[in-house]
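**Q** Going left to right, the sequence shown walks through residues 1 to 335 as UniProt numbering numbers them. Every residue gets a Cβ at the ideal spot worked out from N, C-alpha and C, and that includes glycine. Below is a structure I'd like to ask you about.
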Amino acid sequence: MATHPFRVRSPWLLAVLLAALAVAVQALLVPLFAAPAANLAPRDVPIAVAGPSPAAAELAGRLAAAAPGAFKVTTLPDVAAADQALRDRKVYAAFVVGPDGIALHTAPAASPTVAALLTEAAAQFSAGRPVSVVQVVPAAPDDPRGAGFAAGFLPLALTSMLAGALLTLLVAGRGARLLGLLGYAVLAGLAGAAVLHGWLGVLTGDPWLEAGAIALFALAAAGLVAGLGALLGGPGVGLGALLVFLVGNPLSAVGAAPELLPQPWGVVGQFLPVGAGGTLLRSAAYFGGAGASRSLAVLAGYALLGLLLVLAGRLPAGGDAAPTADPGRPAEVTV
């Protein structure tokens with residue numbers, strides 16, 4: 001009997017090789033997860049300066065000089081324009097110049113980390129005068145630091161990856177896989193919104209809008225894994241898990257902001273399912289859907305790609321392909 005050319009006959013050698021492989025994977029995963037978190041810093045963070053033109057322009061210049069490359073500054077005419085830019089997710093914070101000095105208007109719902117960072121830094125731009133902080137779009141009262149949002153989003157990614165893998169490995173028919181993906185997405189959206197909004201109070205927006213955002217993310221992530229699995233088999237499932245979780249999660253900036261990650265990784269993460277899903281859910285939960293166009297397009301693209309790959313991909317034995325006739329047996333005709 002022929003043996004597989006890569007079979008390791010000695011269990012001792014196999015144990016050593018498996019241990020070495022696990023360490024090699026660990027050596028790759030540890031920096032992938034730790035490096036983005038260890039190098040958080042503002043990089044072209046969109047902020048605004050609002051107020052009379054000479055004073056606003058002077059403060060914008062000071063911000064750019066104090067931290068080159070840290071902020072992307074937009075000047076606005078007044079406080080109303082600044083607050084609207086915050087509600088539209090165009091900026092993370094706005095320095096408002098008034099007769100009593102500088103006030104900082106923030107949107108902690110967009111990123112509690114950025115809001116805290118700018119609150120700490122505001123004093124150096126106010127010439128020693130106290131800076132009043134106005135939270136225009138606050139985080140959820142039950143989750144002021146955003147930790148619950150970030151921690152609650154992780155299981156959505158894990159279960160979506162698992163759903164896509166199980167549908168590929170255990171379900172044979174294309175139609176059944178499609179039904180499983182769509183059913184999972186709907187149930188994941190309803191259950192996710194019920195838990196994060198109704199039970200934990202982490203989300204504070206329209207529950208139906210939140211459920212829709214979670215459902216689209218679930219369909220995109222599970223569909224990508226299932227689609228690649230249908231196309232490539234087991235290696236495709238592994239590739240999908242790599243894109244959805246092993247690479248997508250550390251680059252997602254769900255707990256911080258894409259502009260705080262080393263670039264271009266912050267941008268890359270927003271074009272992967274977890275990063276786009278986190279951004280979409282924030283927009284749905286705290287901003288009424290504002291600022292969600294790119295993440296919506298990215299997730300819709302992944303969802304459509306996954307469904308098409310499931311339809312076009314191969315099936316395991318017992319799938320819904322039509323049976324072929326035995327060439328050595330005459331065909332039976334029923335009248």
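Quick check on DSSP: helix, strand or coil for residue 139?
**A** DSSP places residue 139 in coil when its eight states are reduced to three.
**Q** Checking 8 Å against the spacing of the C-beta atoms, do residue 259 and residue 44 come in under that value?
**A** In this structure, residue 44 lies closer than 8 Å to residue 259 by Cβ.
**Q** Give the list of continuous beta strand (DSSP E) stretches no shorter than 3 residues that lie fully inside the segment 196-263.
**A** Listed in chain order, nothing qualifies, since the segment 196-263 has no complete beta strand (DSSP E) run of 3 or more residues.
**Q** Below 8 Å CB to CB, which residues in the same chain sit around residue 177 once its five sequence neighbours on both sides are set aside?
**A** Closer than 8 Å at Cβ, skipping near neighbours: 167, 168, 171, 226, 230 and 310.
**Q** Quick check on residue 101: does DSSP put it in helix, strand or coil?
**A** Three-state DSSP puts residue 101 in a strand.
**Q** Just tell me which of 72, 150 and 135 has its CA closest to the CA of residue 250.
**A** Ranking 72, 150 and 135 by Cα distance to residue 250 puts 150 first.
**Q** Just tell me which of 235, 197, 193 and 290 has its CA closest to the CA of residue 217.
**A** Minimum Cα distance to residue 217 is reached at 193.
**Q** Among all the DSSP beta bridges, which residues are the ones paired with residue 46?
**A** Residue 46 is bridged to 72.
**Q** Give the straight-line distance between the Cα atoms of residue 12 and residue 242, rounded to the nearest whole angstrom.
**A** Cα to Cα, the separation comes out at about 30 Å.
**Q** What would DSSP say about residue 310, mapped onto helix, strand or coil?
**A** Residue 310: helix per DSSP, three-state reduction.
**Q** Rounded to whole angstroms, what is the Cα-Cα separation between residue 326 and residue 283?
**A** Residue placement at residue 326 cannot be trusted, given a pLDDT of 49 that sits under 50; what the coordinates show is reported in the next sentence. If I take the Cα positions, the gap works out to 58 Å.
**Q** When burial is assigned at 16 or more other CB atoms within 10 Å of the CB, is residue 301 buried or exposed?
**A** Looking at its Cβ environment, which holds fewer than 16 other Cβ atoms inside 10 Å, residue 301 is exposed.
**Q** Measuring CB atoms only, is the segment 266-280 touching the segment 54-74, in the sense that at least three cross pairs come out at less than 8 Å?
**A** At 8 Å Cβ cutoff, the stretches do not touch.
**Q** Starting from the Cα of residue 77, find the closest Cα among 65, 95 and 68 and give me that residue.
**A** Among 65, 95 and 68, the Cα nearest to that of residue 77 is on 95.
**Q** Could you check which residue in 303, 287 and 69 has the C-alpha nearest to that of residue 272?
**A** Nearest of 303, 287 and 69 to residue 272, Cα basis: 303.
**Q** Run the CB neighbour count on residue 108, radius 10 Å, all protein chains shown included, and call it buried at 16 or more, exposed below.
**A** Per the 10 Å Cβ criterion, buried.
**Q** Residue 33: which of 287, 248, 281 and 73 sits nearest, CA to CA?
**A** When each option's Cα is compared against that of residue 33, the closest is 248.
**Q** Does the count of Cβ pairs from the segment 289-298 and the segment 64-76 closer than 8 Å reach three?
**A** Not touching, per the Cβ criterion.
**Q** Which residue's Cα is closest to the Cα of residue 342: 102, 240, 204 and 103?
**A** Given that the chain is displayed from residue 1 to residue 335, the structure contains no residue 342 and the question cannot be resolved.
**Q** Closer than 6 Å by C-beta to residue 183: which residues in its own chain qualify, once you throw out the five before and the five after it? Chain order, please.
**A** No residues qualify anywhere along the chain.
**Q** Report buried or exposed for residue 265, applying the criterion of at least 16 other Cβ atoms within 10 angstroms of its Cβ.
**A** Buried, since its Cβ has 16 or more Cβ neighbours within 10 Å.
**Q** What are the boundary residues of the alpha helix (DSSP H) that includes residue 339?
**A** Nothing can be reported for residue 339, as the shown portion of the chain is limited to 1 through 335.
**Q** Apart from the five residues on each side of it in sequence, which residues of its chain come closer than 7 Å, Cβ to Cβ, to residue 337?
**A** The shown model of the chain, from 1 to 335, leaves out residue 337, and the question about it has no answer.
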